[in-house]
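Below: the structure, in structure tokens.
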Amino acid sequence: MHYTYRFRLKPTSEQCELLDYHRDTCRQLYNHALGEFRDIPQSAGTLNQRVRQVRDQLTDLKEWWDDLNNLYSTVTQAAVMRIEDSIKALSELKERGYNVGSLNWKAPAEFRSFTYVQSGFEFDSKNGQTVLSLSKLADIPIVKHREIPDDVRIKEVTIKKEPTDEWYACFTVDGKQTPEKPADPERCVGIDVGILKYAHDTDGTAVESLDLSAERERLERAQRDLSRKEHGSNNWEQQRKIVAQRHADLKRKRRDFLHKLSGYYAHEYDLVAVEDLDTKGLVELPGNSRNRASAAWGTFKRMLEYKCEREETHFVAVDPKDTTKECANCGVKTEKPLWVREHSCPACGFEMDRDANAAINILSRGLSQLGVGYSEETPVETALPVDTSVSAKRVIEAGSPTLNERSALAVSE
Ligand SMILES: [Zn+2]
672 MHYTYRFRLK PTSEQCELLD YHRDTCRQLY NHALGEFRDI PQSAGTLNQR VRQVRDQLTD
732 LKEWWDDLNN LYSTVTQAAV MRIEDSIKAL SELKERGYNV GSLNWKAPAE FRSFTYVQSG
792 FEFDSKNGQT VLSLSKLADI PIVKHREIPD DVRIKEVTIK KEPTDEWYAC FTVDGKQTPE
852 KPADPERCVG IDVGILKYAH DTDGTAVESL DLSAERERLE RAQRDLSRKE HGSNNWEQQR
912 KIVAQRHADL KRKRRDFLHK LSGYYAHEYD LVAVEDLDTK GLVELPGNSR NRASAAWGTF
972 KRMLEYKCER EETHFVAVDP KDTTKECANC GVKTEKPLWV REHSCPACGF EMDRDANAAI
1032 NILSRGLSQL GVGYSEETPV ETALPVDTSV SAKRVIEAGS PTLNERSALA VSE
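Adding 671 to a residue's 1-based position in the sequence shown gives its number in the numbering used here.
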């Protein structure tokens, strides 16, 4: 299992130029390699074999292409191998029904990163400042706001320039060897994610959706201003950066919220069950909000999954089919349009909040799917939780939707 640590880099202006030089050399190499790749017939081997064939030309290329010799060897190799990832990503999109063309040459704005694989990078300290020491490049000041655990192996580091012109280093690490997860999880939770509320769990915590309307408005205003400027002019370029910054603000706020919410569940529970959101039917929603919601849910699920891995918490994604329709008490299915907020079972009379009912179904499915013991009775059979509504703002400010009674207890003991 892989996960990523992302740190902000604080390069000097000279280092920025150098970083851009490495990035752009990789871009030119990629474009060149793509041309070579296209000349190789499909019959010559698997995708990986054909891309490797291009990569093996690097030694010859370096004979006449001097710039390549200024780059670290795995950086140039990774730039060529990126063709493989691009093609895979493209065919995945095609499979999901998107109308995509073929792989194209990358313009400067589209090629934002380069990667050191396995070696050529290390943390160091210069004048009391933590730096990321990159071979054939520079010692770049880095904001290391958290530690990478000692027991993981860093596979690669990708140096990336965001559209805001900020630079980041993303470390991909291999997870620990299958961590010990509790065989008899005590604290289990099912989470239903939705549109009107962001999440509703089996402990009765209902987290409201994140309000991004102010950020969206600012972004739209900036975009309107951009469209009034002459394309390519200095003013336009300045405004383009503002637009990129507004995009980044929005993204950061959403990610911050998702990080905190997923971190809370992974930390507070031994077992977390969610719906397999990739396949969640979102037909009830209009196209635009559907795309947005499905992207945000995918991110939430991925974060939750790797955080559970890290916290040694069971993570289980269940089949989302009919979790809303089914009665958590007797299993009878009832049609329920989006606006019906209460579950009221015609068969057994069980009544509950619509999302709370779904959350219980998700947890039951999770428990049976995982086949683990559960030391408490399922919530349906015990007293029903009292639902508490929590604003997304509170999650961001407090880092969790509840008062963390469990952690508070642990401290006082
Ligand atoms: Zn029922």
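Glycine included, every Cβ here is placed at the ideal spot set by N, Cα and C. Bear in mind that the values here come from a model prediction, so they are computed numbers and not experimental data.
Would you say the beta carbon of residue i comes nearer than 7 Å to a heavy atom of ligand 1?
i     : result
V1003 : yes
N1028 : no
C979  : no
N1032 : no
N770  : no
N1000 : yes
A780  : no
A1018 : yes
F986  : no
F1021 : yes
Applying the criterion that 16 or more other CB atoms from any shown protein chain within 10 Å of the CB defines a buried residue, is residue i buried or exposed?
i     : result
P682  : buried
S1035 : buried
I754  : buried
A715  : exposed
N1032 : buried
L808  : buried
E688  : exposed
V1011 : exposed
P820  : exposed
V989  : buried
G903  : exposed
E763  : exposed
W838  : buried
L867  : exposed
S1039 : exposed
Would you mind stating whether residue i and residue j have Cβ atoms separated by less than 8 Å?
i     : j     : result
Y869  : V860  : no
A1029 : D863  : yes
V987  : L932  : no
D810  : K797  : yes
D993  : K1007 : no
V802  : I825  : no
L881  : L774  : no
I813  : A840  : yes
I619  : D874  : Since the displayed the chain opens at 672 and closes at 1084, residue 619 lies outside it and no answer follows.
K900  : D836  : no
A750  : L805  : no
D941  : P856  : yes
H871  : A1027 : yes
Y769  : E827  : no
L897  : R917  : no
Q748  : L729  : yes
H633  : V945  : Residue numbering for the chain in the displayed model covers 672 to 1084; residue 633 lies beyond these limits and cannot be assessed.
Q686  : T745  : no
D737  : T696  : no
Closest by CA to residue i, which one among the options?
i     : options                 : result
L883  : D872, K912, R925, R895  : R925
R887  : A915, F678, E818, D821  : A915
T876  : E946, D727, Y935        : Y935
E833  : T786, N775, F782        : F782
G1020 : G1037, G1002, D1026     : G1002
F785  : R917, W1010, L742, E734 : L742
L929  : T747, G969, R726, E980  : G969
K972  : L729, N1000, G865, F794 : G865
Q724  : W735, I711, V823        : I711
G939  : K978, R1065, C1016      : The sequence shown places Glu at residue 939, not Gly. Comparing Cα-Cα distances from E939 to each of K978, R1065, C1016, the minimum goes to K978.
Y676  : N740, A999, M974, Y692  : M974
How about residue i: is its C-beta nearer than 8 Å to some C-beta of chain B?
i    : result
E976 : In the structure shown, chain B cannot be found, because there is only a single protein chain.
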